[in-house]
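Oh and the sequence shown: position 418 is 1894 in the working numbering, straight run, nothing missing.
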Amino acid sequence: MKLYTRNELKDARVFFDKRPPRYMTVFIIFLVLCLIFSVVGAQFVKRPYVVKAQGTVSVDGTSYLSTKTQGVITNIHAEAGQFVEAGQVILELSSGNEGLQASVVGAQIGELEDTLLIMDKYEQAIEQKENLLSQTEKELEYYGKVAYYLDTLNQETYDANKTNREISEKKSELDQLRSEIIQLEKELHQIETQIDEDEKLTKKSNEDLKKKEARQQDLLAEVTDLEGQLGQEDSDETIIQKLTVKQSELDQLTKEIDQHYENIDIDSSQSKLMEKQGEIQADLEAKKSEIEGLEEEIKQLNEQAEAPYSQAEQTRLQLLSELGEKRNQIQSQLTELRANEGVATEQDTIHVVTATKSGILHYLQPLSIGMSLQQNQIVGEIATDEEGFYVDSYIQAQDRSKVEVGQPVNVAVVGVNNYRFGTISGTVEFIEPGTIQNETAEGVIRFYRARVSLDEDFLASKSGEVVKIIRSMPIEARIVYQEESYLEWLLDLSNLRSK
């Protein structure tokens, strides 16, 4: 096979063919078709207008840690990347004043609680009627009160015993008097019986005396009559004999009468009995009056012994009433102090930074013991799982009018090749109504904070490489606020379309 050069072929027949191939026609048709497809494609392919906002990737449920007061870090309980439980202590701060108020209030509470224990012991002592307290410190006051109550109780017991003894003595005296009255009544009855018997004997004796005196008169008359008959009759001897007999009888009877009167003068037993009867009756009346007096005294003593409220009982009730009032006061003080203690303890908790939820801990800056932190300074954050990503973006104030909720967003990760991995689609979910100020060397710049939801949590290249989104990645949010076709853009560019 022979090879020809260009110069050798310049006079070849192929260059002078009168009917060349239709390459030009095909090329023209191809250009026309390309133009048609370009116009049609320009009508459907959109050109986006975007607002760029810088931001970072965040995770749903992220909780931030901040200090409640200024102080120096004294202890770090959890390291970055460690899983922490809700309420777990993360940091401890010291301002030099923590615990002072709580310790003072705690000491006051302890003193009042000790006082309550002493009061309980005091009440127990009153109820048991035994002084269980000592004469030292706080118990001395209540020791004196219990001693006073016990003295009153002992005095009342002594008085009650004394009253009972007096009642017993009075009853014994009363029994003795009643026995004496019974004995006197027996004696009086005997005397009255004796007097009645003596009166009967006296009456009989008087009747005999009257008979004797009557007989004496009769005999005296007979003797007188017989003496008058002497010398008148011859029978003097008979008269003398009769006279002798009558005179003898008269003398005997006179002697008996005289003896009877002598016995009446000498014998005073009945008068003595009468006198003794009067004495016994007077003694009986006196003893009966004495019994009435004793019975009245016993009645009064019984009423005194059976009084419903004694002095000791009134003292006990008064002491318990005062104890109740003072105990209520102390309880009120304790309630107030415990509330103050809670406040003081709560104030001390401001020196502790605790986890607000369970999750992975991340410090926003390296921390070490001895570092000084300011009040309300954010030191870290806690997130549960690396899912539920969203974007915290910051829109410049001059671009706020272009952005609305619901607009699509293309999120580009800073540091990742966008041409290779592309962007992540998202949507504007929320825009804060107020601005955030950021002071820079150029001045104060104002931003609007916007939350952007993400459709995916990774970037993928056509070759299958994947870049996972992680928390705090810097991003650029390209918010599409307007779209138009390239045909419209070309017409506008050529001023061929009226706006």
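Here a beta-carbon is modelled for each residue, glycine too, at the ideal position from N, C-alpha and C.
query                                                                                              : result
Proximity winner among E1932, D1875, T1899, L1935, relative to Q1958 (alpha-carbon distances)      : D1875
Residue environment, S1848, which counts as buried when at least 16 other CB atoms sit within 10 Å : exposed
Under the three-state DSSP convention, the category A1562 falls into                               : coil
Alpha carbon of G1882 to alpha carbon of V1560, nearest angstrom                                   : 36 Å
Residues near G1910 in its chain [Cβ-Cβ closer than 6 Å; skip 5 each side]                         : none
Whole-Å CB distance - Y1618 paired with I1594, under 8 Å assumed                                   : 6 Å
Per-residue burial, L1511 [other beta carbons within 10 Å of its own, 16 or more giving buried]    : exposed
Rounded C-alpha distance that separates L1760 from D1627                                           : 45 Å
C-alpha gap between M1750 and Q1670, whole angstroms                                               : 10 Å
First through last residue of the beta strand (DSSP E) which encompasses R1979                     : This structure leaves residue 1979 out entirely; the chain is present only between 1477 and 1975.
Through-space distance from I1945 to E1900, alpha-carbon basis                                     : Residue identity check: residue 1900 is Ile in the sequence provided, not Glu. Approximately 10 Å, taken between the alpha carbons.
Buried or exposed by the 16-neighbour rule on C-beta atoms within 10 Å, applied to V1508           : exposed
Expected contact under 8 Å - CB spacing of S1929 and E1905 to nearest Å                            : 5 Å
Between the CA atoms of Q1666 and S1681 - distance to the nearest angstrom                         : 22 Å
Same chain, Cβ closer than 7 Å to G1902, five either side skipped, listed in chain order           : V1867, V1885, V1887, V1928, S1929, L1930, D1931
Secondary structure of S1939, DSSP reduced to three states                                         : coil
Per-residue DSSP class, three states only, for N1893                                               : coil
For T1714, three-class secondary structure by DSSP                                                 : helix
Cα-Cα separation between L1799 and K1647, rounded to whole angstroms                               : 43 Å
Buried or exposed (CB count within 10 angstroms, at least 16 for buried), V1889                    : buried
Whole-angstrom C-beta distance between L1770 and L1650, which should lie under 8 Å                 : 5 Å
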